[in-house]
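Using my numbering, count along the sequence shown one by one with no gaps and you end on 801.
First comes the structure, then the notes that go with it.
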Amino acid sequence: MGHNVEVIKVAPHLGAEIRGVDLSRALSDEEFAAVHDAVMENEVVVFHDQKINAEQQIAFGKRFGELSVHPFSPNQEDTPELIIFDNNEDNPPFGTDRWHSDETFRAEPPLGTMLSAKVIPAYGGNTIFASMTAAYDALSETMQNFLDDLEAIHDMVLFRKLFGGGEDGLATMRKYEEQYPNPVHPVVRIHPVTGKKALFVNPQFTTRIKNMREDESRTLLDFLFRQAAIPEIQYRHQWKADSFVFWDNRSTQHYAPHDYFPQRRYLERITIKGDRPFGPAGPTYFLQDNPETSAAGSADEFGGHRASIRPIDREKDI
Numbered sequence: 484m485g486h487n488v489e490v491i492k493v494a495p496h497l498g499a500e501i502r503g504v505d506l507s508r509a510l511s512d513e514e515f516a517a518v519h520d521a522v523m524e525n526e527v528v529v530f531h532d533q534k535i536n537a538e539q540q541i542a543f544g545k546r547f548g549e550l551s552v553h554p555f556s557p558n559q560e561d562t563p564e565l566i567i568f569d570n571n572e573d574n575p576p577f578g579t580d581r582w583h584s585d586e587t588f589r590a591e592p593p594l595g596t597m598l599s600a601k602v603i604p605a606y607g608g609n610t611i612f613a614s615m616t617a618a619y620d621a622l623s624e625t626m627q628n629f630l631d632d633l634e635a636i637h638d639m640v641l642f643r644k645l646f647g648g649g650e651d652g653l654a655t656m657r658k659y660e661e662q663y664p665n666p667v668h669p670v671v672r673i674h675p676v677t678g679k680k681a682l683f684v685n686p687q688f689t690t691r692i693k694n695m696r697e698d699e700s701r702t703l704l705d706f707l708f709r710q711a712a713i714p715e716i717q718y719r720h721q722w723k724a725d726s727f728v729f730w731d732n733r734s735t736q737h738y739a740p741h742d743y744f745p746q747r748r749y750l751e752r753i754t755i756k757g758d759r760p761f762g763p764a765g766p767t768y769f770l771q772d773n774p775e776t777s778a779a780g781s782a783d784e785f786g787g788h789r790a791s792i793r794p795i796d797r798e799k800d801i
């Protein structure tokens with residue numbers, strides 16, 4: 484392990500504290516490799532006492548890849564990659580109190596997410612992480628084999644309420660639907676680095692199992708969603724001011740209770756772009772809105788969106 488980097492596990496299936504790293508300066512290649520390996524092995528890593536600014540956080544994030552700009556979250560004009568979560572009595576938290584992987588409504592969901600804590604409430608405000616690798620491993624072999632070939636439809640359903648009603652709201656929603664057509668992701672995702680299998684459905688963005696009746700899909704999804712709630716595969720992070728957490732979005736889910744409200748909780752987030760998920764059956768398909776039918780507003784088997792399916796172009800899309 485490089486230099487003075489020390490990795491200490493904090494839970495059985497995911498979570499580790501990294502010591503000996505100062506994120507306010509550029510990491511050496513050896514230090515970066517040690518941090519990278521720790522993330523791949525532990526899925527969630529924690530750094531304490533990191534007094535870093537937005538520029539330093541962005542620089543660290545870019546070591547892992549290109550940064551993403553969230554289309555719906557509160558971004559800064561000068562640093563659009565940075566999301567500010569400043570929740571208090573006048574700005575209640577929104578949408579985090581449900582198990583989810585970040586932004587799976589994208590065809591290429593994020594690789595990972597980094598959160599830097601600035602102001603922490605006196606109590607509450609923890610973030611709970613679940614290893615979906617461990618969740619998959621805990622299933623019976625029969626269930627694993629059944630899930631390996633399945634695909635699920637994802638949607639930006641959480642953010643649809645932001646558009647409001649009326650013609651203007653509908654027009655804005657249609658614009659985002661064109662930008663983010665419902666992707667189809669594998670129910671079981673193979674991690675592109677470790678090769679491990681993980682459940683890749685979440686109650687915030689996954690709406691339907693492809694090629695199943697609605698009642699069948701709902702029963703199966705409800706069962707799969709419950710797997711994240713198993714305490715034995717979780718790590719509960721208690722925030723401190725200047726603590727910094729980086730999680731692998733490809734194999735984890737997280738849940739941030741709103742139990743601290745109306746106290747203030749201020750964190751800064753950046754997100755690293757990812758790649759197209761693939762499962763045991765190989766690259767999948769994704770849904771693309773069909774303008775001839777979606778404009779009519781009628782629903783079909785894909786949970787309310789008329790869509791056509793096109794296969795991935797292996798040269799262009801992978």
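Just so you know, even glycine gets a beta-carbon here, dropped at the ideal spot from N, CA and C.
As the structure is a prediction and not an experimental result, all values here were calculated from the model.
Span separating the alpha-carbon of residue i from that of residue j
{"i": "E835", "j": "M597", "result": "Because residue 835 is not part of the residues shown, which for the chain are 484 to 801, the question remains open."}
{"i": "E751", "j": "A600", "result": "7 Å"}
{"i": "I636", "j": "K492", "result": "34 Å"}
{"i": "F727", "j": "F568", "result": "14 Å"}
{"i": "P686", "j": "E564", "result": "25 Å"}
{"i": "Y738", "j": "A711", "result": "9 Å"}
{"i": "N463", "j": "P745", "result": "Coverage of the chain is limited to positions 484 through 801, which leaves residue 463 absent and any answer about it impossible."}
{"i": "L703", "j": "L630", "result": "10 Å"}
{"i": "E489", "j": "R502", "result": "5 Å"}
{"i": "V667", "j": "R508", "result": "40 Å"}
{"i": "F487", "j": "V504", "result": "Sequence check: residue 487 is Asn here, not Phe. Spanning the two alpha carbons is a distance of roughly 8 Å."}
{"i": "I535", "j": "F543", "result": "10 Å"}
{"i": "I755", "j": "R701", "result": "31 Å"}
Burial state of residue i (16 or more Cβ within 10 Å)
{"i": "Y718", "result": "buried"}
{"i": "V676", "result": "exposed"}
{"i": "N525", "result": "buried"}
{"i": "F706", "result": "exposed"}
{"i": "K680", "result": "buried"}
{"i": "D585", "result": "buried"}
{"i": "S614", "result": "buried"}
{"i": "R672", "result": "buried"}
{"i": "E699", "result": "exposed"}
{"i": "Y606", "result": "exposed"}
{"i": "D512", "result": "exposed"}
Candidates the options: closest to residue i by CA position
{"i": "R759", "options": "K723, H674 and T690", "result": "H674"}
{"i": "P495", "options": "G608, P592 and I716", "result": "I716"}
{"i": "R748", "options": "V527, A537 and N609", "result": "N609"}
{"i": "P592", "options": "V552, R581, K658 and G578", "result": "V552"}
{"i": "L510", "options": "V490, D532, Q539 and L622", "result": "Q539"}
{"i": "H519", "options": "A724, W582, Y619 and D731", "result": "D731"}
{"i": "P766", "options": "P669, A537 and T754", "result": "P669"}
{"i": "V429", "options": "S734, Q736 and K723", "result": "Here the chain comprises residues numbered 484 to 801, so residue 429 is not present and cannot be evaluated."}
{"i": "L641", "options": "T625, D632, T689 and M626", "result": "T689"}
{"i": "Q662", "options": "F588, G678 and R709", "result": "F588"}
Residue(s) in a DSSP beta bridge with residue i
{"i": "Q736", "result": "A613"}
{"i": "T596", "result": "W730 and T754"}
{"i": "Y749", "result": "D569 and V602"}
{"i": "G762", "result": "G765"}
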